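Protein chains in written order, with our numbering: chain A, -3 to 221; chain B, 207 to 399. Virtual Cβ for every residue (Gly too), placed ideally from N, Cα, C. Keep in mind that this is a model prediction, so the values were computed, not measured. Have a look at the structure below before the remarks.
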Amino acid sequence: MNARHHPTDDLLLEYGAGNTNEAQSLLIATHLAFCPRCRGIVEKAETLGGALIDATPSAAMSADALQGVLDRLDEPDDAIAFGDATSAPLVAGTDTSIPRPLRDYLAHGSAESVSWRRVAPGIHRHTLAMNAGDSASSAYLLKLAPETVVPHHGHHGEEMTLVLEGGFTDGGKHFIRGDVELADPAVDHQPVIHADGPCLALIVTDAPLRFSGLIPRLLQPILDR
Amino acid sequence: MSQASRSAEPAAGTPDLVTMMVAISERKDRAAFSQLFEHFAPRVKAYLMRHGANNETAEELAQETLLRVWRKAHLFDPAVAAPSTWIFRIARNLRIDRIRRERRPEFDPEDPALVREADPAADHQIQTNQEGARVRAAIDLLPPDQKKAIMLSFFEDKPHSEIADELGLPLGTVKSRIRLAFARVRQTLGDER
Ligand SMILES: [Zn+2]
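What follows is the structure, encoded as structure tokens:
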């Protein structure tokens, strides 16, 4: 089934333009693997990017630039850049229910083989290492037991949650595999994990969560770590 | 799928980039590559300079972009993307990799986990032969303030809030201009959503 909850069109355009940071891009790209609709929108953003490059005033290349490149055409192709979408062979234990590129961020390509830390009853967390160390945003996985009620929390910044497995209900809406929940900074929300199984989700935040209430405030330092 | 508006012709004298790309892709045609280089390298260089690269770096990365076009040419499919779209992706990713020094996560079209469109044709609704020309025409018809906002969002490595400061406009105004411009382009490309 196709996803029903998507990142905003604004964000898809920014991703297509290449303006989102690594953590945001990771979540969006993983959603794209689930969502032909959003792939279509990003493709249109890229078509726009191509047309803008085509229409932009050009900057003169040096006189020998073309010859320099022609001389290199037969060189072997050394570098395969990250994100080239070349299909690397799958290593044993790879969990193909988790799409690339997220899979590439997990040791052995599986959510089972990464280190999980219990941060609250029914809640385990695994922080993903971003290449860009100075990035303002962070990405982590949460594994949540069935029927867990995630404490009330608001946000200083933007937060996006992508469901990878299982699902939850928040504010009367259901979020399942492939869906993205966008947290409204103005609204406290309280997701309740569906009863039919554990939920695995990728969360990207611009700023640390801000919990309300006493118990959640005790949780805060743990979740921020 | 709306395909009715597909009528714009490339302007007379515009080199046929699709023909060039196909010649490179199918026959490793060096003459076609030279033409493609003359067209795109200066534009890619300008794009990179707008993103803060100095002359030397922009020159080097523009060459690198076109070299990658040559090496990946066998992957080019004129039914899937216009040459300009394809080259934009390569230039953008190289910019993120080399100028911003970040990773650029992307989905893998060959991923077994990929959810495909129920109607396979809809996954590639864009017929690409003349889409570049049609989108350029649509950009030219945009109100100047929308055109400026969308240019800035592709050519400056800045969040919308900074673009808003630069233009001396409220953030909401900048966002809505960008949104309107993109909606217009999507319409041109047959997006009925
Ligand atoms: Zn979507």
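Cβ neighbours of residue i in the same chain (closer than 7 Å, five flanking residues each side left out)
i                      : result
residue 282 of chain A : Outside the shown range of chain A (-3 to 221) lies residue 282 of chain A, about which nothing can therefore be said.
residue 26 of chain A  : 95, 97, 98, 158 and 198
residue 81 of chain A  : Because the pLDDT of residue 81 of chain A is 45, which lies under 50, any placement of that residue in the model is unreliable, and the question is left without a value.
residue 193 of chain A : 142 and 162
residue 172 of chain A : 159 and 163
residue 304 of chain B : 267
residue 300 of chain B : 267, 270 and 271
residue 127 of chain A : 18
residue 107 of chain A : 91, 94, 137 and 196
residue 218 of chain B : Note on residue 218 of chain B: pLDDT 44, under 50, position unreliable in the model; the coordinate value appears next. Within the same chain, residue 218 of chain B has no close Cβ partners at all.
6 Å CB neighbourhood of residue i in its chain, flanking five on each side removed
i                      : result
residue 223 of chain B : 289
residue -1 of chain A  : 30, 31, 174 and 175
residue 238 of chain B : 226, 229 and 230
residue 388 of chain B : none
residue 144 of chain A : 118 and 189
residue 4 of chain A   : none
residue 165 of chain A : 188
residue 154 of chain A : 202
Under 8 Å from the C-beta of residue i: neighbouring residues of chain A
i                      : result
residue 395 of chain B : 40 and 43
residue 392 of chain B : 37 and 40
Residue j beta carbon less than 8 Å from that of residue i
i                      : j                      : result
residue 46 of chain A  : residue 338 of chain B : yes
residue 111 of chain A : residue 104 of chain A : no
residue 49 of chain A  : residue 249 of chain B : yes
residue 116 of chain A : residue 23 of chain A  : no
residue 140 of chain A : residue 124 of chain A : no
residue 360 of chain B : residue 293 of chain B : no
residue 61 of chain A  : residue 265 of chain B : yes
residue 341 of chain B : residue 395 of chain B : yes
residue 162 of chain A : residue 170 of chain A : no
residue 310 of chain B : residue 302 of chain B : yes
residue 344 of chain B : residue 391 of chain B : yes
residue 167 of chain A : residue 269 of chain B : no
residue 90 of chain A  : residue 319 of chain B : no
residue 240 of chain B : residue 66 of chain A  : yes
residue 7 of chain A   : residue 38 of chain A  : no
residue 313 of chain B : residue 28 of chain A  : yes
residue 52 of chain A  : residue 324 of chain B : no
residue 2 of chain A   : residue 34 of chain A  : yes
residue 73 of chain A  : residue 322 of chain B : no
residue 352 of chain B : residue 375 of chain B : no
Residues that residue i contacts on chain A, provided the C-beta gap is smaller than 9 Å
i                      : result
residue 338 of chain B : 43, 46, 47 and 50
residue 241 of chain B : Those do not exist, as residue 241 of chain B stays about 10 Å from chain A at its closest Cβ, beyond 9 Å.
residue 355 of chain B : By Cβ distance, chain A contributes nothing, its closest Cβ being about 11 Å from residue 355 of chain B, past 9 Å.
residue 265 of chain B : 55, 57, 58 and 61
residue 255 of chain B : 55
Per-residue contacts from residue i into chain B (C-beta, under 7 Å)
i                      : result
residue 105 of chain A : Within 7 Å Cβ-Cβ: nothing; residue 105 of chain A doesn't reach chain B, min ~11 Å.
residue 65 of chain A  : 243, 269, 272 and 273
residue 14 of chain A  : 298, 301 and 302
residue 6 of chain A   : 381 and 385
residue 28 of chain A  : 313
residue 68 of chain A  : 273
Proximal residues of chain B, C-beta to C-beta of residue i below 9 Å
i                      : result
residue 155 of chain A : Those do not exist, as residue 155 of chain A stays about 17 Å from chain B at its closest Cβ, beyond 9 Å.
Proximal chain B residues relative to residue i, where beta-carbon distance stays under 8 Å
i                      : result
residue 174 of chain A : 321
residue 73 of chain A  : 277
residue 31 of chain A  : 321
residue 95 of chain A  : 313, 314, 317, 319 and 320
residue 25 of chain A  : 311, 312 and 313
residue 137 of chain A : The contacting residues do not exist; residue 137 of chain A stays about 15 Å from chain B at best.
residue 196 of chain A : Near residue 196 of chain A there are no residues of chain B at all, since even the closest Cβ is about 13 Å away, more than 8 Å.
Chain A residues whose Cβ lies nearer than 7 Å to that of residue i
i                      : result
residue 252 of chain B : 52, 53, 54 and 55
residue 318 of chain B : 92
residue 288 of chain B : 43 and 46
Other residues of its chain near residue i: CB distance less than 8 Å, five sequence neighbours each side excluded
i                      : result
residue 366 of chain B : 359, 377, 380, 381 and 384
residue 42 of chain A  : 12
residue 258 of chain B : 305 and 363
residue 256 of chain B : 361 and 362
Test: residue i CB closer than 8 Å to a CB of chain C
i                     : result
residue 58 of chain A : Here chain C cannot be found, since the structure's protein chains are A and B.
Residue i CB to nearest heavy atom of ligand 3 below 7 Å
i                      : result
residue 112 of chain A : Summarising the ligand content, the structure contains ligand 1 and does not contain ligand 3.
Check each residue's C-beta against every heavy atom of ligand 1 and list, in chain order, those closer than 6 Å. A:-1, A:2, A:27, A:31, A:33 and A:34
In chain order, which alpha helix (DSSP H) runs of at least 4 residues are fully inside the segment 278 to 314 of chain B? 289 to 304
Please give the ranges of any alpha helix (DSSP H) in the segment 357 to 395 of chain B, keeping only runs that are unbroken, at least 4 residues long and fully inside the region. 366 to 373 and 377 to 394
What residue ranges within the segment 228 to 262 of chain B form continuous alpha helix (DSSP H) runs of no fewer than 4 residues, ordered along the chain? For secondary structure counted as the alpha helix (DSSP H) over 4 or more consecutive residues, the segment 228 to 262 of chain B holds these complete runs in sequence order: 236 to 256.
In chain order, which continuous runs of the beta strand (DSSP E) of length 3 or greater are located wholly inside the segment 2 to 30 of chain A? If we require 3 residues or more, the segment 2 to 30 of chain A turns out to have no beta strand (DSSP E) run fully inside it.
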